[in-house]
Every structure is written in structure tokens, then in C-alpha cells.
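Protein chains in written order, with the working numbering: chain A, 691 to 1013; chain B, -12 to 84. Positions of the beta carbon are idealized from the N, C-alpha and C atoms, including for glycine. Below is one structure, written out as C-alpha cells; comments come after it.
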Amino acid sequence: MQGISAAQLHDERRQELDLEVIVAAPNARLPITVSDVNRPGLALAGFTENFLYERIQILGETEMLYLDTLSANQRGAALDHLFECDLPCLIVSKGLPIEPRLQELCESRQVPLLRTRMSTTPFIHQLTAYLNNVFAPRMTLHGSLVDVYGVGLLFAGDSGIGKSETALDLVERGHRLVADDIVIVSRRPPSILIGSSNELLGHRMEIRGVGIIDIREMFGIRATRVRKRVEVEVRLVRWDPAAPYERLGLEDRTTSILGVRVPYVTIPLVPGKNVAVLAEVVAMNHLIKSSGRNPAADLDERLKMMMQKDQAAFPVGDVGDTE
Amino acid sequence: MIRRTVRVVNELGLHMRAANVFVERASSLISIVQVSRGELRVNGKSIMGLMMLAAPLGTELVIEVEGPDEEVAAETLVRLVEMGFGEGVSGNSGGPK
């Protein structure tokens, strides 16, 4: 698995995590590859079975207090336990003083040693959130992502079907573009999909016949969004008279993106159809369904009740038995 | 033009899913399809129209088809209703078993 180095972590999060480098360890053997962290209290005490060496090791007040209770010899032995395996990174929290023996070991074993002034628990939360993002499963999709009334609509369909034009139409109508043509989607725990644009492309768009345009420059900041949760996939397809299209909407059809179930709708395109208006309707219908209502099911319910009353008034036998 | 009379035989009557099945079948035909219940007459290719009939189990419906495939159309649609729109025939239907 691809990982990041402690140097990268420091470069990217020095300010947010209040990090300083104590030992840089340019020849570190293990990269950081998991977002979970470990507090190695038990390893220091000598119990190294099941020691989660591949995680970032956080030395907080408890660990440091424990080391303080030991004699110099015992302390050396405790730290040796910790270094039985290669470690990706050690971080001392709360700005605690660095034990000289710890620094020596980090230098000789080439394990990066960082220190933060933050308290241990908030530090772990923020570090984990950052690492979760770094290690989130992600993929690149061909499509456009637009925030329509706060609902993230992912437009999918063949090249040239009009995804960009639909996105442009929606921007004109006051909605916000997240990404066009290339959408980078990542999965956040527990099962949320976040889409964003490629850093280079930003909010630029290619419109056939016109060329590259910059939505941010053209429509301003309110027309764009950096990231948005992907909530509904809208599939644009060429109208096929033989294909069965959804006419009721009694149940949600779902597709899977990075293992997350996402409802989708298929919109067949015919000349003169206003896809932007339909997209707005899809977004609003999603909001209505999310609030626990289903217009199709409601109507079916009303219809069934009406038929029941009708049947009570004219029981089957009275209508005329054919047997 | 062909006119046939059928009876609704499925338990739930002409509810939403049944209407959808009927419309799907009707839409695959070239003929114009009209369905009536008493005075009420609607386009047989419209889900909203069919639901408006609100026809419960036991109701008599008149299906009228007109077009180049009207014979096949009449046969197909009548059979569909008689089969209870694929939902089966209610024991209480008084219709064909």
C-alpha cells in the first residue's frame, strides 16, 4: 500500500497539528500507511505481543509519566521493547520534554520523531481525520458534479451527451459547480462519498464549439464549490423508444460507487427537453424522499383506499357473478 | 376498432403497479388504447389515467383498441387483465380461475 512519510505529514499539517520535527530520520524504513494510531503503553511495559507497530505511535502524558517512574536501566529496556520492530513515526504530545534515550534510539534506528503542543486526545482526533482523508479509497469518474439545492448530483453518460452543458445550465440557474468532466470521488467513513475536482482543472469546463471556460472567473465564487457529497447519480442517455424508463419511482434504484449505495435516475434525452429543470426536480424529489415521504407511494396508498371504499359499496357478488 | 369487456381479477385491483404493467404493455403496441369504467374513459397508455379509474377487484372494464395491430393488441391486453396483471387471480374474483 502506498503511504506517506513523516516529513510529508509535517509539511502538510505543521500548523494545524502544531508539529515540530525532533528527529527527521531521512532514511526511515516504514512509511505511514494506516490512519489509526497507537498508544504504546503496553509495549513499554514489556508486552509486545500484538503490538501495532505499523501505526503512528503517540507518546502522551501517561507514557511519559510511566517512563519517569523507572530507573535509567529499566527505562532503556522499556524503550528497547518499543523499538523491537521498525516504526513509521513517533509523536510526543502536549509539548512534553523528550527523553534523551528516546531521541538516541530514533536517530540510530531512523524512526522519525515529532512533537506537538496539542493535548493528546484532540491531537489524535485531528491526526486521524487527516490520515482518513489521505488514505480514503478514491477513484476518478467521468462526469460532472453539481450542487443543486444542496443535493450533490453526479451526471453520468457518454461523451458528448451533454453533461457539461447541463452543468452549465444549472450554474446559470444559480447552482454550484463542483467538478466537470473529471470528478474525484473518495469514500469517508462510515459510507459517505465526497466528490471534488482535479487540482489542475479546478472549475474549468470544456464546452464544444466554444472551448475551455473558467466558471469561477465567469460566474464568480458563488457558482462554485470545492467539494460536495455525491447523493444522486443522474444518468443521461439517448432516448430509446424500446427501453423501459422509470415511470413510478415507488422504490429507489441504486448503484455502487466505491462500495457505497447511491440512488440513480435515468433521464432519456429528446430534443427540446430541459435537462436542467429535470435535474432540479430530481434534487428536490431527493430532498422530499430524504424527509421520509414518497409521492408515488402516497398516491398508491390513496388509490388503494379509494378502491377499498368502492368495493365495500359494491361487493364483488353484486356486480354480477360470472360463475 | 375492437371493443372487449373484462373483469379485474387481482386482489389489489388496478393499483399503481398494475396500471404500470398495463401501460408498459399498451405502450409497446401501435394501436390507440382506450380503457373505460362506466362513464369514465381514459387513455390506456397513461398511468395517471388508469389510476383515475380506481378500479377494484371485480370491476368491469371496457378496452377499446384501434390501429394496425388491434387484434393482437386486444388479445394481449384482455389476457393481461384476466391474468391479474401478473399478480394472480384473487379467490374472491368471480372471474376465470
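With DSSP as the reference, label D859(A) as helix, strand or coil. Translated into positions along the first sequence, residue 859(A) becomes position 169. Here D859(A) sits in helix by DSSP.
Between the alpha carbons of R24(B) and E11(B), how many angstroms are there, rounded? Mapped onto the second sequence, residue 24(B) falls at position 37. Mapped onto the second sequence, residue 11(B) falls at position 24. When rounded, the distance between both Cα atoms is 20 Å.
Could you please tell me which residues of the segment 977 to 989 of chain A, in chain order, have their CB closer than 9 Å to any CB of chain B? A986, A987, L989
What do you get for H832(A), buried or exposed, if any count of 16 or more other CB atoms within 10 angstroms of its CB means buried? Locating residue 832(A) in the first sequence gives position 142, where the first residue counts as 1. Answer is exposed; the Cβ neighbour count stays below 16.
Using the C-alpha atoms, what's the distance from L732(A) back to T738(A)? One-based indexing of the first sequence puts residue 738(A) at position 48. One-based indexing of the first sequence puts residue 732(A) at position 42. Straight-line Cα distance between these residues: approximately 7 Å.
Let me see if you follow: with CB-CB separation under 9 Å, is P958(A) close to chain B or not? Walking along the first sequence from the start, residue 958(A) turns up at place 268. It does not: the Cβ of P958(A) has no partner Cβ on chain B nearer than 9 Å.
Pick helix, strand or coil for K853(A), following the three-state DSSP scheme. In the first sequence, counting from the first residue as 1, residue 853(A) sits at position 163. It is helical.
Boundaries of the alpha helix (DSSP H) in which G731(A) is found, first to last residue: Counting from one through the first sequence, the residue named residue 731(A) turns up at place 41. From DSSP, the alpha helix (DSSP H) with G731(A) extends over 731 to 734.
Straight-line CA distance for E789(A) to A762(A)? Indexing the first sequence from 1 puts residue 789(A) at position 99. Indexing the first sequence from 1 puts residue 762(A) at position 72. If I take the Cα positions, the gap works out to 11 Å.
Please list, in chain order, all residues of the same chain as R919(A) whose beta carbon is under 8 Å from its beta carbon, the five residues on each side excluded. Along the first sequence, read from residue 1 onward, the residue named residue 919(A) stands at position 229. G842, I882, L883, I884, G885.
Is D904(A) close to chain B? Criterion is C-beta to C-beta, closer than 9 Å. Here residue 904(A) corresponds to residue number 214 of the first sequence, with the count starting at 1. Closer than 9 Å: no.
Can you name the residues of chain A whose CB is closer than 8 Å to the CB of I34(B)? In the second sequence, the residue the question calls residue 34(B) occupies position 47. Within 8 Å Cβ-Cβ: R937, L938.
Hey, how far is the Cα of A826(A) from the Cα of G750(A)? Within the first sequence, the letter at position 136 stands for residue 826(A). Within the first sequence, the letter at position 60 stands for residue 750(A). About 27 Å.
Within-9 Å CB hit, L(-1)(B) to chain C: Among the protein chains in the structure shown, which are A and B, there is no chain C.
On the CB-based measure, 16 or more other CB atoms within 10 Å of its CB, does Q747(A) come out buried or exposed? The residue you call residue 747(A) lines up with position 57 of the first sequence. So Q747(A) counts as buried.
Just how far apart, CA to CA, sit L890(A) and I872(A)? On the first sequence, position 200 is the one that residue 890(A) refers to. On the first sequence, position 182 is the one that residue 872(A) refers to. Each residue's Cα considered, the two are about 11 Å apart.
Applying a beta-carbon distance threshold of less than 8 Å, which residues of chain A neighbour A41(B)? Sequence index remark: in the second sequence, residue 41(B) carries index 54 (1-based). Those within 8 Å of A41(B) in chain A are L993, M996, M997, D1000.
Rounded Cβ spacing between D708(A) and M808(A) (contact assumed at less than 8 Å): Here the question's residue 708(A) lines up with position 18 in the first sequence. Here the question's residue 808(A) lines up with position 118 in the first sequence. The Cβ separation is near 5 Å, so the contact holds.
Per-residue contacts from P721(A) into chain B (C-beta, under 8 Å): Position 31 of the first sequence, counting from 1, holds the residue named residue 721(A). In chain order: nothing, as chain B lies at least about 55 Å away.
Determine whether the Cβ of M70(B) lies closer than 9 Å to any Cβ atom of chain A. If you number the second sequence from 1, residue 70(B) lands on position 83. Chain A contact via Cβ: absent.
Pull up the distance between the alpha-carbon of A857(A) and that of L835(A), whole angstroms please. Locating residue 857(A) in the first sequence gives position 167, where the first residue counts as 1. Locating residue 835(A) in the first sequence gives position 145, where the first residue counts as 1. Whole-angstrom Cα-Cα distance: 8 Å.
From this set, Q816(A), I712(A), T830(A), A819(A), which residue's C-alpha is nearest P802(A)'s C-alpha? Here residue 802(A) refers to the residue found at position 112 when the first sequence is read from its first residue. Minimum Cα distance to P802(A) is reached at I712(A).
Inspect the beta-carbon positions of L795(A) and F773(A) and report whether they are closer than 9 Å. Here residue 795(A) corresponds to residue number 105 of the first sequence, with the count starting at 1. Here residue 773(A) corresponds to residue number 83 of the first sequence, with the count starting at 1. Yes, these two residues count as a Cβ contact at 9 Å.
Skipping 5 residues on each side, what residues in its chain have a beta carbon closer than 8 Å to that of V724(A)? Taking the first residue of the first sequence as position 1, residue 724(A) is located at position 34. Hits under 8 Å: E744, R745, L821, F825.
7 Å Cβ shell around F72(B) - same chain, five flanking residues per side excluded: For the purposes of this step, residue 72(B) is taken as residue 85 along the second sequence, with counting starting at 1. These residues qualify, in order along the chain: N(-3), A5, V8, F9.
DSSP three-state assignment for E702(A), whether helix, strand or coil: Stepping through the first sequence from its first residue, residue 702(A) is reached at position 12. Helix.
Looking at the C-beta of V65(B), does it have a partner C-beta in chain A at a distance below 9 Å? Translated into positions along the second sequence, residue 65(B) becomes position 78. No, its Cβ sits nowhere closer than 9 Å to a Cβ of chain A.
Rounded to the nearest angstrom, what separates E53(B) and D848(A) at their Cα positions? What you label residue 53(B) is simply residue 66 of the second sequence in a count that begins at 1. What you label residue 848(A) is simply residue 158 of the first sequence in a count that begins at 1. Roughly 39 Å separates the two Cα atoms.
Taking 9 Å as the threshold (beta carbon to beta carbon), is E11(B) in contact with chain A? Residue mapping note: residue 11(B) aligns to position 24 of the second sequence, counting from 1. Yes, E11(B) counts as interfacial toward chain A.
Classify Q990(A) as buried or exposed, calling it buried when 16 or more other Cβ atoms lie within 10 Å of its own Cβ. The residue you call residue 990(A) lines up with position 300 of the first sequence. Note that residue 990(A) is Asp in the sequence shown here, rather than Gln. By the neighbour-count rule (16 or more Cβ atoms within 10 Å), D990(A) is buried.
Using a Cβ cut-off of 7 Å, pull out every chain B residue sitting near P934(A), in sequence order please. Here residue 934(A) refers to the residue found at position 244 of the first sequence. E11, listed in chain order.
Cβ atoms of I694(A) and P716(A): under 9 Å apart, would you say? As a position in the first sequence, residue 716(A) is number 26, starting the count at 1. As a position in the first sequence, residue 694(A) is number 4, starting the count at 1. Result no, Cβ atoms of P716(A) and I694(A) do not sit closer than 9 Å.
Would a C-beta distance cut-off of 9 Å place T956(A) and R937(A) closer than the cut-off? Taking the first sequence and counting its residues from 1, the one referred to as residue 956(A) is at position 266. Taking the first sequence and counting its residues from 1, the one referred to as residue 937(A) is at position 247. Contact: no.
Reference H976(A), options V950(A), R805(A), R943(A), closest by Cα: Reading the first sequence from its first residue, position 286 is the one you call residue 976(A). Measuring from the Cα of H976(A), the nearest candidate turns out to be R943(A).
Between the Cα of E69(B) and those of T46(B), D56(B), S33(B), spot the shortest distance and give me the residue it belongs to. Stepping through the second sequence from its first residue, residue 69(B) is reached at position 82. The candidate whose alpha carbon is nearest that of E69(B) is T46(B).
Neighbourhood of S77(B) by C-beta distance below 8 Å, restricted to the same chain and skipping five residues each side: Translated into positions along the second sequence, residue 77(B) becomes position 90. Same-chain partners within the cutoff: V(-4), N(-3), E(-2), L44, G71.
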